[in-house]
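Mapping of the sequence shown onto our numbering: residues 123 to 309, in sequence order.
Quick reminder that beta carbons are idealized off the backbone N, C-alpha and C, glycines included.
Structure record follows, encoded as C-alpha cells.
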Amino acid sequence: ALIGLYIARGVGSFLGTYYLSLVSTRLVHDLRTATFNHIMYLPTKFYDDNNSGHIIARIIFNTGQVTGAATDALKTIAREGLTVAALISYAFYLNWRLSLVFFVVAPIIGLMSGKVGKRLRKLSVKLQDSVAEVTQVCNEAITGHRVVRSFGGEKYEMERFREVSEYNLGKSLKMVRIAAMNTPLTQ
123 ALIGLYIARG VGSFLGTYYL SLVSTRLVHD LRTATFNHIM YLPTKFYDDN NSGHIIARII
183 FNTGQVTGAA TDALKTIARE GLTVAALISY AFYLNWRLSL VFFVVAPIIG LMSGKVGKRL
243 RKLSVKLQDS VAEVTQVCNE AITGHRVVRS FGGEKYEMER FREVSEYNLG KSLKMVRIAA
303 MNTPLTQ
C-alpha cells in the first residue's frame with residue numbers, strides 16, 4: 123500500500139506539474155504575442171517616453187513573471203490547500219479542542235503572509251525595472267558596438283553594465299531573503 127501510494131503520488135505530481143507547465147508556457151506565449159502586437163500599434167510618443175530596454179523587458183520578462191506567479195499560486199493553493207484540509211481534519215479527529223487553537227493562530231499567520239506578499243510584490247516591480255535597465259544597457263552597447271569601439275567606450279560600457287547588473291543582483295537577493303524568511307516566520 124505504501125509503495126502504491128508513492129507511485130500514485132509520483133504519477134500525480136508528474137501529471138500535475140506537466141499539465142500546469144503546459145498551460146503556463148502557452149499562456150506566456152499568448153501573453154507575449156498579445157503584448158508585442160499591442161506595442162506595435164502604439165504611437166511614436168510611447169517609444170520616445172520609454173527606452174527600448176524597458177519595452178523589451180515588458181515583452182519578455184514581465185509576461186513570464188506574471189504567468190509564473192499565477193501558476194505558482196495555483197499550484198500552491200491546490201497542493202497546500204488539500205494538505206492543510208487533510209491535516210486539520212485529522213487533527214480534529216484526534217483532539218478537537220486542541221485543534222481549535224489553529225483557528226486562533228491562522229489569522230496571525232495570514233496577516234504575516236499578506237505583509238510578506240505585499241513586500242514581495244513591491245520588490246518584484248523594482249526587480250523588473252532593474253532587469254529592464256540591464257536589458258537597456260546591454261541593448262545599447264550591442265546595437266551601438268561600432269560607435270562604442272570608435273570612441274573607445276568599452277570600459278565605460280562595461281562599468282555601466284556592471285553597475286546596473288549589481289543593482290539587479292541586490293534586488294534579486296533582497297527578494298530571495300524576504301521569500302526565504304516567510305516560511306520560518308510562518309512556522
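By DSSP, does residue i sit in helix, in strand, or in coil?
i, result
"Gly275", "coil"
"Asn304", "helix"
"Asn173", "coil"
Since I believe residue j is in contact with residue i (beta carbons under 8 Å), could you give me their beta-carbon distance rounded to a whole number of angstroms?
i, j, result
"Met234", "Leu307", "6 Å"
"Leu245", "Lys296", "6 Å"
"Ile182", "Leu242", "With a Cβ gap of about 21 Å, Ile182 and Leu242 do not count as contacting."
"Ser287", "Leu249", "About 13 Å; that fails the 8 Å criterion."
"Val238", "Asn304", "5 Å"
"Gln258", "Gly175", "2 Å"
"Phe224", "Ala213", "7 Å"
For the alpha helix (DSSP H) that contains residue i, what are its first and last residues?
i, result
"Ile182", "Premise fails: Ile182 is in no alpha helix (DSSP H) and is neither H nor E."
"Gly236", "Trp218 to Thr265"
Measuring CB atoms only, is the stretch 278 to 286 touching the stretch 253 to 267, in the sense that at least three cross pairs come out at less than 8 Å? Segments in contact, yes.
Would you list, in sequence order, the uninterrupted beta strand (DSSP E) runs of no fewer than 3 residues that lie entirely inside the stretch 124 to 164? With a minimum length of 3 residues, no continuous beta strand (DSSP E) run stays inside the stretch 124 to 164.
Any 3 or more C-beta pairs closer than 8 Å across the stretch 154 to 164 and the stretch 200 to 209: no
Could you tell me whether the stretch 160 to 179 touches the stretch 129 to 146, using the rule of 3 or more Cβ pairs below 8 Å? no
If you pair each beta-carbon of the stretch 193 to 202 with each one of the stretch 265 to 275, do three or more pairs fall below 8 Å? Short answer: they don't touch.
Given 8 Å, three or more beta-carbon pairs between the stretch 252 to 261 and the stretch 170 to 189: yes
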